[in-house]
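Trainee:
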Amino acid sequence: MHLDVEKYVYENKNKVNKKYYPEIHLAAPVGWINDPNGFVYYKEQYHLFYQYHPYDTKWGPMHWGHAVSEDLVHWEYVGVALVPDKAYDKDGCFSGSALVKDGKLYLMYTGHIIDEETKQIRQVQNIAISEDGIHFEKYRNNPVIDERNLPEVFSISDFRDPKMFEKNGKYYVVIGNTDTKNGCVQLFESDDLLNWTFKSSILSDDERLGNMVECPDFFTINNHDFMICSSMNYFDKELKQTIPHKVWLVEGTFDVDNGIFMPNNFMTMDSGMDFYAPQSTEGKNGERIYIPWMQRWSNFYLPDELKHNWMGQMGLPRIIDIDSKGVVQQSFYPTPCIPTTIIKTRGKYSCSSVGKIVIEEGSNFSCINLSAKDEMIQIYPDKNGYLQIDFTNVLQKN
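Have a look at this one:
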């Protein structure tokens, strides 16, 4: 255990203002969190690590927080798994992934290093290993991937977020990168998770990836190959504007033996305002589950502004699947799975109408001072069909 940071968390978690603290969305006990990391099912539990700065509600030197759950509804904080305490990660333990091998849990993460004199940034990939899923020991020969493994044309300053996977009896990892102009993903292979060789650069020279790819992911569903790419500074030609952060779900064909991924379809993974850096895992029943960070960079951080001593939370888990119509995303939870006692809101509400309201197709209505307190809003479509609800909060000042 990392006693100093655990002592700080223990002494400060009760100072968190719970007014807006989530009930079922995973959040840290105190401090800042962002990207989900190391999402895995191991020893009869789901483990989710996350980028964590316990000492502030703003981004800072990254640690790895750690929570476990049996049902992806109830989460238990179990401590800080990684702290930036080595020369190869001294300025942050950035995002990464988990993989089970021979009963042990392996983490691969990016070590963020800033040269004290030149301020040059290096990002390298490191391994930590656990036999119980709680206590991790960093590999003595870290880093396992650095600039010696990377062709010179690519950036060592923006080389992060490794996602490991196993395919055809070998281990692979995809890592976000850039050639300083276009975003791309680097592919490495290994026989033992400790010794890695460069395989190829994939998804390069595609303007949809912007100028940098973060948090790449790879998985296969029913013989269909997919990648997730969180792209930075993507220029949308239809909107004629640059999108700072966009998440793509890319369906394609992966010839892993030759290191070639042929994309067939780029799909927007989510069109909401607070969705970034999703990471997936295989669930206990073989389904493909992912969890995103329910935030985006440069957005308004309300709990931080209000000095509530916490900031950031994860989105609820979703399942990606394929049916006769194509790729589908759905909630991980069947409706009865979440007890009504779990979903609670705070405050009081008043509304311009009370009781049953019939809403015509394509119409809108307004609520005055709408909040909630232990009440339930039920929405029933009058026939089978598509239902979309958009909420707009308009503040008027006289």
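Note that the sequence shown covers residues 1 to 398 in UniProt numbering.
From the three backbone atoms N, C-alpha and C, an ideal C-beta is built for every residue, glycine too.
This one's a predicted model, so the numbers in the text were calculated from it and none came from an experiment.
In or out: G96 buried (at least 16 other Cβ within 10 Å) or exposed?
Mentor: When all chains shown are included, G96 counts as buried.
Trainee: Looking only at its own chain, which residues have a Cβ that is under 7 Å from the Cβ of W224, when we skip the five neighbours before and after it?
Mentor: According to the sequence provided, residue 224 is His. The question's Trp does not apply to it. Result list for H224: E251, I322, in chain order.
Trainee: Look at the alpha carbon of V40 and the alpha carbon of V185, and state the distance between them as a whole number of angstroms.
Mentor: Going from the Cα of V40 to the Cα of V185 covers about 22 Å.
Trainee: Would you mind giving the Cβ-Cβ distance between I127 and D91, rounded to the nearest angstrom? I have them listed as a contact below 8 Å.
Mentor: Rounded, the Cβ-Cβ distance is 18 Å, inconsistent with contact.
Trainee: Could you tell me if V328 is buried or exposed, where buried requires 16 or more neighbouring beta carbons within 10 angstroms of its beta carbon?
Mentor: So V328 ends up on the exposed side.
Trainee: Report the rounded CA-to-CA distance for D274 versus N17, giving the unit in angstroms.
Mentor: Distance between the alpha carbons of D274 and N17: 22 Å.
Trainee: Grab the span of the alpha helix (DSSP H) containing V9 for me, first residue to last.
Mentor: From DSSP, the alpha helix (DSSP H) with V9 extends over 3-12.
Trainee: Taking the continuous beta strand (DSSP E) assigned at D132, which residues delimit it?
Mentor: From DSSP, D132 is part of no beta strand (DSSP E); its letter is neither H nor E.
Trainee: Taking the C-alpha atoms as reference points, what is the distance between H135 and A81?
Mentor: Their backbone Cα atoms lie some 7 Å apart in a straight line.
Trainee: Restricting to Cα atoms, I'd like to know which of L72, V100, A27 is closest to K43.
Mentor: Looking at the Cα atoms, V100 is the closest of the given residues.
Trainee: Excluding five sequence neighbours on each side, which residues of the same chain lie with their C-beta closer than 6 Å to the C-beta of Q295?
Mentor: Hits under 6 Å: D274, G312.
Trainee: Inspect the CB distances between the stretch 204-216 and the stretch 230-247 and report whether three or more fall short of 8 Å.
Mentor: The stretch 204-216, when compared against the stretch 230-247, does touch it at the 8 Å Cβ threshold.
Trainee: May I ask you to report which of helix, strand or coil DSSP gives R346?
Mentor: Note that R346 scores 39 on pLDDT, short of 50, meaning its location in the model is unreliable and no value can be drawn from it.
Trainee: Straight-line CA distance for M262 to I289?
Mentor: Their backbone Cα atoms lie some 23 Å apart in a straight line.
Trainee: Taking all protein chains shown into account, decide if K163 is buried (16 or more other Cβ within 10 angstroms of its Cβ) or exposed.
Mentor: Buried.
Trainee: Using DSSP with H/G/I as helix, E/B as strand and the rest coil, what is V124?
Mentor: In the structure shown, V124 sits in a strand (DSSP, three-state: E or B).
Trainee: Less than 9 Å between the C-beta atoms of G133 and V83, yes or no?
Mentor: The answer is no: Cβ separation not under 9 Å.
Trainee: What separation, rounded to the nearest whole angstrom, lies between the Cα atoms of E166 and L150?
Mentor: Roughly 21 Å between the two C-alpha positions.
Trainee: For the candidate residues Y10, W32, G79, E23, whose alpha-carbon lies nearest to that of L302?
Mentor: Comparing Cα-Cα distances from L302 to each of Y10, W32, G79, E23, the minimum goes to W32.
Trainee: Could you check the C-alpha separation between A28 and W310 for me, to the nearest Å?
Mentor: Their backbone Cα atoms lie some 7 Å apart in a straight line.
Trainee: My understanding is that A98 touches H53, with C-beta atoms under 8 Å, so please give their C-beta distance in whole angstroms.
Mentor: That belief does not hold up - the Cβ atoms of A98 and H53 are roughly 20 Å apart, past 8 Å.
Trainee: Whole angstroms are fine: how far does the CA of D56 sit from the CA of I319?
Mentor: Their Cα atoms are separated by approximately 33 Å.
Trainee: Does the distance from the C-beta atom of K86 to that of G111 stay below 9 Å?
Mentor: Yes.
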